[in-house]
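Peer 1:
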């Protein structure tokens, strides 16, 4: 039974389910509706006319349309963290408990104090702000801008994290169809019957498009009957997929389309484990745009009064929702189609006050209808509307010939004709073509594989829509390689379509073109007067068409008016560029799963879970989580832990997971020759069983990456990269192999994840290793000298690789085992290391020891330094060609005054250093002229018991011993430092060779 | 008519019937002292500085479409001078100082809004790099502050601090940075330059160069006929290679698409300009209420002024990683501009090997914020035939000499800058 | 002298929880099974040795190695195409371990052991395709991706080898995924998120399917 | 964009990485600084059809030569790099 509250609901008819009543709240007031309603239709059924306030003047606004083109009826939907500003009431599906609030008003919708803006309307014309608010300069940020920002902006975002989930998915089809109206359904039938994989997207929750409101007879059936039969057949076809609540919003290269599925927006919140919305990337061989057309307003004084509604929308509310926007309706039309609203209204027992028809001749049938229903047909135009918050009261009509008339009505239906939805067909910067017969822009070409059909293609008759849709469906299927029998097309009559173009009725009072942005006809005239004649200038100067409705109702009228005032034709004036998305899409949907902690994937080392058991502190390095240090009970800060770890290594033995290094198998007879071309130093001469440090340049001569590479066999090298460059170096080497040096017989395979690799360092390294490694293996200095590399067997028979290389400067080995044994190896090292109090150390201690040792790393390999800058010029071979050799010789890269790596320590031993400080000659006032370098890496050195650092300093190596000034205004620090040898620890390297 | 609240009120009384064109709609003359190709912000600013600073008023600006139809109208409106390398630092600060007096200079409100630009950092290494950069700025007299986590939380409590993949640790803040209304900058320079006698000629596409026997450029051939010129300046970022090719030049430049996005208008949510340090995302909120945001270039050479979907997703992922509160805010429009990506990520302002032809190009992402500075130094070069001191390092031969200005340190791969 | 255990630990040992996951009110639409402890060898032909490699492979495995994106199986081994002139050898029990194969292919190919570099996950069930559509950009429609089809592709910006094995006894398609070991735990969580709405049955096995 | 990898078939853009114009050829050993400079720094930057190096890193790891229109993004041909796979090249 019809709830008492629904004063404007018809007793019968419509596609609502009267057995499923729903309660909802609008601005705190509880109202009732039915399943099948939109928020807009339910508001109408409850007699609500005032729904929102406009952007600039805060004028009262009602519901203009019944679709995603709605400029006025925008609300804040839902509450709290789920609040969605600017939600179109016309597309929001009603659910029980829905909460909506009007926006952009204060304190209330009925009494909006911001409406005082209307008093200043004479000043707030298009572009007014460009001409004022300039004095005094400081006032902009302080006063004007905050006021403007507060006044603008429509709805309020939640301001807290979105609690809902989103995901993204891929779909493939032969034929993609946008729209489920007569053209779309006919296309799906033809393509599906032909055997094609079909996806049909419909943004509405009900299928049928305009048929749902306009009805009609197809194959002798009612539209409703035909829709259900068609859907029934489509579901029997194996590869036809119908996606309702899904808007196709964009077309991208290579036949990739973007669509947004509102999976659970029709519920208060998504069920557990389900997403709110899903972003689809649909790959289609062919696509058919059957997105219909949008009825366009006529611009006249007072055309934004609540109760003024598009004619097609008004009959949609009556026919589909059994809701009556008004009891006594006037129609203002310039075409025959508008009259359907009269028929619908009469059919629902509503009164017609009058029809104002701008066409010179109205059909006999319509005259007969008027006579029968006893309403006048006035030849002329609506020149003004009396009314306000509570809707339309009276309409004044300028009759052809000059006389005036007045009509009492509480609702005005307007039809200015129809604009095909040309968005999708124009997103590759295509420009639609003007068709005089329907006075509208029609697609002129489209992205590859796409065609338009039906109203979207300018075919407004039902019969034509079916024919075009069916033909397009069959053709698309055939082009996609499916030649099955498409059967016979559905048949219907074509209504006559006659239209007399009418865009703007001159007259007193504000006449709106862009309702939401309050752009009036006079704004467009002003823009033209000021030289903003190009439609793009017009758009940017007046903000025409830039609101949330993307100008769906305003663009064409706007440029028609511009054409008129600038004395050009509409096609000459042209359209702006159409931009995706077709409807606004939640940012969360584009992100999908990739937000918060799942923003990017995470890489874990083989010892990760063991380290976590030790309460290690982890640091993000690229995608990796690495143990940064291992705090112990009683240690007051990271520095204390790191210092302990360093001392433990220098004094005994420690180990560190270095599995994050990039590892590459370089195989083949030409492996050595290949490495000679990618490294600045030579590897073909490296003996089997030996490792060597290597440095790579970019082709522009700048240092790219470094690492040790070992020769495990004549035709097998094991190359390591830095953690950061693992991926890029692999790509670079493949480029060298496949593109630059294809004649070399070399193969590359990333084995980064195959090996768990640990650095074991400290004077007691051998003692520990002997516990782990099979006793038969000779680890003596003779049996396994510095820079040796070979496979060994561990106790228990596991095969491993040992590399005698040192980053810490201590006697050290790197050991690698197959990754799934990494966890066991760590535990065994701890077990075997007990007697030597073996100490796991993290990346901080690693960093400290490399700085003490003067090894360069990320902060020095910063993409602007040369080998010589890093003190590695001497290893650059002069006897061979290699990547970067020639460009490295350019004058500015070999200039004597370059900034080069040097060590530094504060003259005040107690002083802490910070990276990022700049180096200024002592006693000089800092300026760009004497800014001679900067500090790259610093650490507290437990070994030297003071802070030390590395810096890039002009002529640094010639200035060892010089006292310079470290200038750090950001942190308010200034102090003297002494430039010194970057190798602070064991300069002759005795310890690592010992 | 001079703009002021009073003139506006006066105009209102007369129903705004008396407003003149914002700039004269000029037709080409036979000859100009200087012809500038490109009616974007840089070209129009150059013309205005030539007329106002260097007294050269017989100037034409040629625009193939409507003024501001290139990157001047397709950017994310950010202004800042937080660069770290010699050459960039001084130049962008010169530009920032010109932004600060632009409205008074032009008598046009370009809505310069110094709301602050903050670059967030997420690791110690990033902090150190920002410290180096911030100190460079301070040493050059530019405002810069290094904020710690607490300060960032205070300023932007809405960021994702609790469950972020790459937690924010702090940020480098330039309070004088901010935004400006991009179209208004174009119209403002057009308005002011036109007032000083500069001819702004729209729908006039350059199709070739006129050269004399010695190869000197003596003018341009256009869709509106030959136009003679004492000097010709190119300010056509996005099309630099195509125009230069007409003079037989190859440039160290590639054209790439940079997308930008705007959301539906919402009430004030984001107070400043932010860049995410662990992904490709930067954002500010326009005075109209839209979130204006962007990220990385699409990654391949392109002259198609439209974006692809993977980058669109990548940018929104960055946004949702940094501030998941924007999940329900809707993306309203997506567009793409064509960037002049140079081989070191920094611009080129120099004479060319062709006598009489001057180049202003290679702006990468820096084009909009550089607009006034670019106009001044390019005007200086055109007027004096020697580089302005703040543009002395933007020479064309720096690549040959190895004197690159590579802020990102990625080398000669434009799509990585 | 300490006694060592060399327990092999799967990268998923921490994250994989046997049992039901996600939606409970529905019949589990997906089963996710990790296959543990296998041998996986990358075989890449040397320059100009493609044909020789093919011959050797046929002799060695009794079937031709795939030279297009396919996976072929014999009783004791599966050969998975992984790129031009290269394939992966998946087996158990050491018969096709690195040392043995290196011997066999020494003249024609370069081999790298990947046994520990990958995690093998098998995805099947009525909703397997719906779930994989969220992770993979490959068209898995039966006509486009029949049994035996393989793809070297990416999930979550990470390289994976994906191939369709023999259908389950109940006729459901089975999709096998080789993912990088150090990414495995992270990808596993992504897969669980994708599976949750359909309800998933989680398990692991020592048997190659 | 969709790229038809000659080895894998049609794949989405995300699997590929772009390097740039494939026309410049790396000068042989002993080339002059000018020649190498030209190779490293100067570009035709054509608006229209151009041949480029792309890497199928998210797939079979083959380097490809792709002919693509920079105005429309339409791809007219995709070829493997000379040294992709085990192709025998030169000596």
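Residue numbers (the working numbering), protein chains in the order written: chain F, 6 to 999; chain W, 40 to 456; chain E, 371 to 579; chain D, 2 to 92. Built from N, CA and C at the ideal position, the CB exists for glycine as well. Computed from a predicted model, the values in this text were never measured in an experiment.
Where does residue 816 of chain F land, buried or exposed, given buried means 16+ other C-beta within 10 angstroms?
Peer 2: Buried: at least 16 other Cβ atoms inside 10 Å.
Peer 1: Reducing DSSP to helix, strand and coil, say where residue 382 of chain W ends up.
Peer 2: Reduced to three states, the DSSP call for residue 382 of chain W is coil.
Peer 1: Please confirm if residue 560 of chain E has its CB atom under 8 Å from at least one CB of chain D.
Peer 2: No, its Cβ sits nowhere closer than 8 Å to a Cβ of chain D.
Peer 1: Would residue 53 of chain D be called buried (16 or more neighbouring beta carbons within 10 Å of its own) or exposed?
Peer 2: Burial call: buried.
Peer 1: For residue 44 of chain D, which residues in chain W fall below 9 Å Cβ to Cβ?
Peer 2: Within 9 Å Cβ-Cβ: 280, 289, 290, 291, 292, 293, 340, 382 and 453.
Peer 1: Should residue 411 of chain E be labelled buried (16 or more other beta-carbon atoms within 10 Å of its own) or exposed?
Peer 2: So residue 411 of chain E counts as buried.
Peer 1: Rounded to whole angstroms, what is the Cα-Cα separation between residue 178 of chain F and residue 289 of chain F?
Peer 2: Each residue's alpha carbon lies about 5 Å from the other.
Peer 1: Can you name the residues that DSSP bridges to residue 389 of chain W?
Peer 2: Residue 389 of chain W is bridged to W:398.
Peer 1: Label residue 477 of chain E either buried or exposed according to how many other C-beta atoms from any shown protein chain fall within 10 Å of its C-beta, with 16 as the threshold for buried.
Peer 2: Counting Cβ neighbours within 10 Å, residue 477 of chain E comes out exposed, since fewer than 16 surround it.
Peer 1: Any idea if residue 1014 of chain F is buried or exposed, counting beta-carbon neighbours within 10 angstroms, 16 or more meaning buried?
Peer 2: This structure leaves residue 1014 of chain F out entirely; chain F is present only between 6 and 999.
Peer 1: From what residue to what residue does the alpha helix (DSSP H) around residue 131 of chain W run?
Peer 2: 127 to 139 is the span of the alpha helix (DSSP H), which, as asked, contains residue 131 of chain W.
Peer 1: Which bits of chain W does residue 48 of chain D rub up against, with CB to CB less than 7 Å?
Peer 2: 281 and 342, listed in chain order.
Peer 1: Look at the Cβ atom of residue 306 of chain F, then the Cβ atom of residue 516 of chain F, and state whether they are nearer than 8 Å.
Peer 2: In this structure, residue 516 of chain F lies closer than 8 Å to residue 306 of chain F by Cβ.
Peer 1: State the start and end residues of the unbroken beta strand (DSSP E) segment that holds residue 315 of chain F.
Peer 2: 313 to 315 is the extent of the beta strand (DSSP E) around residue 315 of chain F.
Peer 1: Hey, is residue 492 of chain F's beta-carbon within less than 8 Å of any beta-carbon in chain E?
Peer 2: Not one chain E Cβ lies under 8 Å of residue 492 of chain F.
Peer 1: Comparing the C-beta of residue 8 of chain D with each C-beta of chain E, is any distance below 8 Å?
Peer 2: It does; some Cβ of chain E falls within 8 Å.
Peer 1: Indicate whether residue 604 of chain F and residue 370 of chain W have their beta-carbon atoms separated by less than 8 Å.
Peer 2: Contact: no.
Peer 1: On the three-state DSSP scale, how would you describe residue 110 of chain W?
Peer 2: The answer is helix: DSSP assigns residue 110 of chain W an H, G or I state.
Peer 1: Counting pairs of Cβ atoms below 8 Å between the region 89 to 108 of chain W and the region 233 to 245 of chain W, do you hit three or more?
Peer 2: In short, these stretches touch, since the Cβ pair count reaches three.
Peer 1: Against chain D, with Cβ distances strictly below 8 Å, would residue 539 of chain E count as a contact?
Peer 2: No, its Cβ sits nowhere closer than 8 Å to a Cβ of chain D.
Peer 1: Out of curiosity, what's the CA-to-CA distance linking residue 8 of chain F and residue 343 of chain W?
Peer 2: Only weak support exists for where residue 8 of chain F lies, its pLDDT of 47 falling under 50; the coordinates are left without a value.
Peer 1: Should the region 45 to 58 of chain W be called in touch with the region 867 to 881 of chain F, which here means at least 3 C-beta pairs below 8 Å?
Peer 2: With the cut-off at 8 Å, the region 45 to 58 of chain W and the region 867 to 881 of chain F do not touch.
Peer 1: Please list, in chain order, all residues of the same chain as residue 916 of chain F whose beta carbon is under 7 Å from its beta carbon, the five residues on each side excluded.
Peer 2: These residues qualify, in order along the chain: 952 and 980.
Peer 1: Closer than 8 Å between beta carbons: that is the criterion. Which residues of the region 60 to 72 of chain D meet it against chain F?
Peer 2: Going along the region 60 to 72 of chain D in chain order, one finds 62, 63 and 64 with a Cβ nearer than 8 Å to chain F.
Peer 1: Check whether the Cβ atoms of residue 309 of chain W and residue 298 of chain W lie closer than 8 Å to each other.
Peer 2: No, the Cβ-Cβ distance between residue 309 of chain W and residue 298 of chain W is not below 8 Å.
Peer 1: Figure out for me which residue from F:559, F:763, F:861 and F:683 has the closest Cα to the Cα of residue 631 of chain F.
Peer 2: The option with the nearest alpha carbon to residue 631 of chain F is F:763.
Peer 1: Please look up how many angstroms separate the CB atoms of residue 912 of chain F and residue 982 of chain F, rounded, as I've assumed it's under 8 Å.
Peer 2: Indeed, because the Cβ distance is near 7 Å, the residues count as touching under 8 Å.
Peer 1: Kindly list, in the order they appear in chain W, the residues whose Cβ is closer than 7 Å to that of residue 107 of chain F.
Peer 2: The contacting residues do not exist; residue 107 of chain F stays about 14 Å from chain W at best.
Peer 1: In three-state DSSP terms, what is residue 65 of chain F?
Peer 2: DSSP places residue 65 of chain F in strand when its eight states are reduced to three.
Peer 1: Counting only Cβ pairs nearer than 9 Å, list the residues of chain F close to residue 542 of chain E.
Peer 2: By Cβ distance, chain F contributes nothing, its closest Cβ being about 17 Å from residue 542 of chain E, past 9 Å.
Peer 1: Quick one: what's got a C-beta closer than 8 Å to residue 115 of chain F's C-beta in the same chain, skipping five residues either side?
Peer 2: These residues qualify, in order along the chain: 55 and 394.
Peer 1: From F:291, F:641 and F:71, pick the residue whose C-alpha is nearest to that of residue 554 of chain F; which is it?
Peer 2: Residue F:71 is the option with its Cα nearest to residue 554 of chain F.
Peer 1: Counting only beta-carbon separations shorter than 8 Å, does residue 1 of chain D have a partner in chain E?
Peer 2: Nothing about residue 1 of chain D can be reported from this structure: the residues present for chain D run from 2 to 92 only.
Peer 1: Could you name the residues of chain C that residue 392 of chain E contacts, counting a contact when the two beta carbons are closer than 7 Å?
Peer 2: Given the protein chain composition of this structure (F, W, E and D), no chain C is represented.
Peer 1: Check each residue of the region 8 to 30 of chain D: if its Cβ is closer than 9 Å to any Cβ of chain F, include it; give the result in chain order.
Peer 2: Correct list: 11, 13, 14, 18, 20, 23, 27, 28, 29 and 30.
Peer 1: Would residue 6 of chain F be called buried (16 or more neighbouring beta carbons within 10 Å of its own) or exposed?
Peer 2: Here the model assigns residue 6 of chain F a pLDDT of 42, short of 50, so the residue's position is not dependable, and the following value carries that caveat. Burial call: exposed.
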